[in-house]
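Visitor:
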Amino acid sequence: MDRDNGPGVRVPEQRVARERAAGTGLRFTVLGPVRAWRGSEALPSGSPQQRALLAALLLRDGRTATAAELIDALWGDDPPSQALATVRTYASRLRKTLGQDTLVSEAGGYAVRIPREALDLTLAQDLASEAEKARGGGDRCQARTLINKLLGLWDGEPLASLPGPYAENQRTSLEEWRLQLTETRLDLDLEVGCHAEAVSELTALTAAHPLRERLRELLMIALYRSGRQAEALAVYADTRRLLAEELGVDPRPELAQLQQRILRADEELARPADDPAPASVPVRPAQLPATVPDFTGRASFVRDLGDRLVSAEGSVMAVSALAGIGGVGKTTLAVHVAHQARPHFPDGQLYVDLQGAGARAAEPETVLGAFLRALGTADSAIPDSLDERAALYRSALDGRRILVLLDNAHDAAQIRPLLPGTEGCAALVTSRVRMVDLAGAHLVDLDVMSPEEALQLFTRIVGDERVRSEREAALDLSLIHAACGFLPLAIRIAASRLAARRTWTVSVLAAKLADERRRLDELQAGDLAVKATFELGYGQLEPAQARAFRLLGLADGPDISLAAAAALLNLDPHTAEDLLESLVDTSLLESAAPGRYRYHDLVRLYARACAERDEQPPAGRELALSRLLDFYLATAAGVYALERPGDRLVAHLEPTRYPGLTFEDRHSALDWLYSEAHCLLACAQQSTGHSMLRRAVDLLWAAKDLAESGANSKSYESAALTTRDAAQTYGDARAEGRARTTITNVHIVAGRFDEADAEAQRAMQLAHSADDPVPNCWAPNDRGVIAIYQGRHEEGERYLLQAIENFRADSNYVGQASALCNLSRIHVSLGRIPSAIELAQQGIDIYDRMGLSLRLANGRYALGIALTRAGRLPEALTQLTEALALFHDNRQPLWEGVTHFRLAEAHLAALRPTLAAAHAEQAIALRGIGGEWRRGTVLTVLGKALDSIGQPDRARACWLEALAIYEQLGAPEAEEARLLLSPVAAA
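Using this note's numbering, the first residue of the sequence shown is number 4, and each one after it goes up by one.
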């Protein structure tokens, strides 16, 4: 194959011909069927042999091919007697189609003159050159993107269906080039940390090219970095056996060395290449808050901390922990230092407020989930447990230079999982407590400002000219700083008040501070100074501002949106925005992002104290939180209704007085739900008073998608448990029954089936006593699902028939369809395949009539399972593939995972083990409903697929891991794993 990557030397006639061809808009493809277009119009290219002639000319990059060369290309050593005439006929026909300026005759031969960009092959060659340059320059992400774009130019087999020895040789060369490019891209995948995603493709490629050792090597590395060491070693064993049987040779030395490194658990091997690009997509987080323009003083701290951060390069991770009382300027100093150090951390900066001073410090699992998403990790790839998230986080940071700012930490235990743990990265921590138990940390105790620094900060905020104009106020300035305890936060707020009032003088401010705390000498204690300054700022607010300040502080959650704040304040959004922005101007409120607001933790505590003291009547506080809860419930109910039109749940939710947002489509509705997840769940967890509890529980029902999203599952579970316990305390059977049903769903998703069944059983009892149709319908449906997983099929059938009856009584056709689909799965397990297909189809018919996209996915999923068992595999694969697309469109990664598992089963039954293995690998990556139990079932199927494609040692590794999972859970599937292992062990 001619793969000239440069244009070469062109005579003027060739250049003119190419320019004319470019003007005609001609395009050609050879990386698939040989085709020609003029603009969007497909051109006729003739018989296979005529297309072979066109291909031979296209692949010569504009050089002339003689008639003899073309005859040899088409017929080899056995040309027909009229070969020359045939070639001339083909050329004449092509010239009429393409134009005489494109196919030219010269020197007894022919040539096709087109621009490089008119042929897919030359485009691919140019992209390959760009990718090589990018990789050589260290930009692995760009190289990977270019190679993916290049591989996308292929459209099946190159030169498809063309006869002749030339086409055959070129086809082989092009296929080899594609495989080499694929290996290069997979190598880049591993270098940038995408090892988990690469396993599926590598498994399929090693099956298709079993003797290609480079693919085996890449697969071993990908498995090892994904925490699947036993499978990685099994790949080597499979390779050694295959090479001995097929070729009588041992694996090449590089593969043997790789096996030894895996056996030693080589830490270097576990890391991607030096200075890799981000883990999943080329994301460089830049989360640092803005530094203050008037940063003042702290020169020695800035210098010392900056030096230590810079020293992280080429050494172990640098950790500096700043401690001090609230308002002493820990965050301001840390952010300032972090911004100065940014050039030394080119791969990004992460930031989080850990809310350590508040009632609910941020959970490390939640923070790790946010960090992983910021690093480019998909929600579906974020594991559930703290240890798994921490391990994935460290892997994502490994080999990269990233600065992590952990602000407002509660204690060392909270931050340990959040530390990078590898050289090149650094962490800055701020906390009110000294981190004496944080091993290896550089501890910094931050004290109040010196009088000189306090004066500098005050002057920078108020303005040098204004301070200088009041020379007689020097004593007043000293009194102000003393009243503020020399705390930067207190000084900043006092100065902001003065700067905002042009008619005040420094003396006026000093007098007001004196009035607030008549004995200024006693105000050296920092927190009292801060409170005094807050009192000053609060006292100067207009009544509407003061009310907004008080009430906004009542809401839990990291921040609050403008729409939610408007609801809490009972104002229209425009008026609310004006109020909030005026509070931002006073430094009492921060603007976290456009349309979002938050408090400093000290200010939040003070705002709540003001609400308790000043909000009259006291019921106003509860009314404000009630409006906020109404807003979230009404909006979430609207999202639920868009996702599940016709579902009767919305009719059974508690009524709301305050309206929510409306959305034009379900995509924008889901965007809102996932972006507001933390605030929404915090509101539910906070609203456990007797008058709000039922609405809080219903909010969890309306937002049940969050329980299955993976990233928000733990926060959802915490809120559900809180509402359940509150309902028990109040003796509210209705609220408790609904809360227990939400917890049932959480346990099912996590694979905790015994706990799920206990919650559902109690929910059924409570539903009966409260005559509540919601758990009365869904709890028996859930118990039927649990019975499917636990193999109690006859019992599950009784529960599902009861659920169907209850749904019908409630006219809940959507719920009825769900129970019918679940009953279909019971019938599959009981061997009643025809009725299983009929039941699933009944469910699909209901979903179709109701226009339900998400639920239709569940119906197709159930029908796909039944059709697989019926042996109607093409139909099963169609249903499951459609279900997979719907789950993906509706952002249900866990359901995507279980659908990949079912597709693996179907492909295995269709004797397509390579595709089965690929889908099983996708299921492992996405996890799925059922937690560890589900992982065991996927590993079992993956092992069967691997055994069928000639990888018995890796299959055995999968079955051994599955057996360990089943035995730990006490699951009956352990017996199947033992049976699968016994013949392998005997062999």
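Note that beta-carbon positions come from the ideal geometry of N, C-alpha and C, so glycine has one too.
As the structure is a prediction and not an experimental result, all values here were calculated from the model.
1) From the DSSP output, read off the bridge partner residues of glutamate 593.
2) In three-state DSSP terms, what is aspartate 666?
3) In chain order, what are the residue ranges of uninterrupted beta strand (DSSP E) at least 3 long that sit wholly in the segment 220-285?
4) Where does the unbroken beta strand (DSSP E) through tyrosine 354 begin, and where does it stop?
5) If you run the structure through DSSP and keep just helix, strand and coil, what is arginine 38?
6) The beta strand (DSSP E) with aspartate 851 in it runs from where to where?
7) Just to confirm, are alanine 341 and leucine 408 a CB contact at a threshold of 7 Å?
8) Near histidine 3, what residues of its chain come up, given a Cβ to Cβ distance below 6 Å and the 5 sequence neighbours on each side ignored?
9) Which residues bound the beta strand (DSSP E) around arginine 30?
10) What residues in its chain sit with their C-beta under 7 Å from that of leucine 557, if we drop five residues either side in the sequence?
11) Asparagine 411 lies in the beta strand (DSSP E); which residues open and close that run?
12) For glycine 424, count the other beta carbons within 10 Å of its own beta carbon; 16 or more makes it buried, fewer makes it exposed. Which is it?
13) Per DSSP, histidine 445 forms a beta bridge with which residues?
14) Locate the beta strand (DSSP E) running through glycine 112, then write down its first and last residues.
15) By Cβ distance, which residues of its chain are closer than 8 Å to glutamate 593, with the 5 residues on each side in sequence left out?
16) Report the three-state DSSP secondary structure of glutamate 924 (helix, strand or coil).
17) Alpha carbon to alpha carbon, what distance is there between glutamine 145 and valine 286?
18) Find out if the Cβ-Cβ distance for the pair leucine 929, glycine 900 is shorter than 7 Å.
19) So glutamate 908 is in the alpha helix (DSSP H); what residue range does that whole segment cover?
20) Going by CA-CA distance only, name the one from Tyr239, Gly946, Thr299, Gln343 that's closest to glutamate 455.
21) In the structure shown, what three-state DSSP assignment does serine 50 receive?
22) Report the CB separation of threonine 589 from glycine 540 in whole angstroms; it is logged as a contact under 8 Å.
23) Between which two residues does the alpha helix (DSSP H) holding serine 629 run?
24) Are the Cβ atoms of alanine 415 and aspartate 440 separated by less than 7 Å?
25) When burial is assigned at 16 or more other CB atoms within 10 Å of the CB, is valine 252 buried or exposed?
26) Count the CB pairs spanning the segment 830-845 and the segment 803-817 that are closer than 8 Å, and state whether there are at least three.
27) To which residues does DSSP link glutamate 109 through a beta bridge?
28) Please report the distance separating the alpha-carbon of alanine 730 from that of leucine 769.
29) Starting from the Cα of glutamate 109, find the closest Cα among Thr69, Ala55, Pro51 and give me that residue.
30) Provide the residue(s) that pair with leucine 2 in DSSP beta bridges, ordered along the chain.
31) Using the C-alpha atoms, what's the distance from alanine 753 back to arginine 938?
32) Would you mind stating whether threonine 745 and leucine 703 have Cβ atoms separated by less than 7 Å?
33) Under three-state DSSP, which class holds isoleucine 563?
34) Who pairs with alanine 45 in a beta bridge, going by DSSP?
35) To the nearest angstrom, report how far apart glycine 740 and methionine 767 are at their CA atoms.
36) On the three-state DSSP scale, how would you describe alanine 497?
Guide: So, to answer that:
1) Arg601
2) Looking at the sequence itself, residue 666 is phenylalanine, so the reference to aspartate does not match. Here phenylalanine 666 sits in coil by DSSP.
3) none
4) 352-356
5) strand
6) It is not in any beta strand (DSSP E) - aspartate 851 instead sits in the alpha helix (DSSP H) that spans 836-853.
7) yes
8) With the chain covering only 4 through 990, there is no way to say anything about residue 3.
9) 29-32
10) Arg611, Ala614, Arg624, Ala627, Leu628
11) 406-412
12) buried
13) Ser323
14) 112-115
15) Val587, Tyr600, Arg601, Tyr602, His603
16) helix
17) 12 Å
18) yes
19) 896-912
20) Thr299
21) coil
22) 6 Å
23) 622-646
24) yes
25) exposed
26) no
27) Gly112
28) 11 Å
29) Thr69
30) Any property of residue 2 remains undetermined from this structure, which presents the chain solely from 4 to 990.
31) 11 Å
32) yes
33) strand
34) Trp40
35) 7 Å
36) helix
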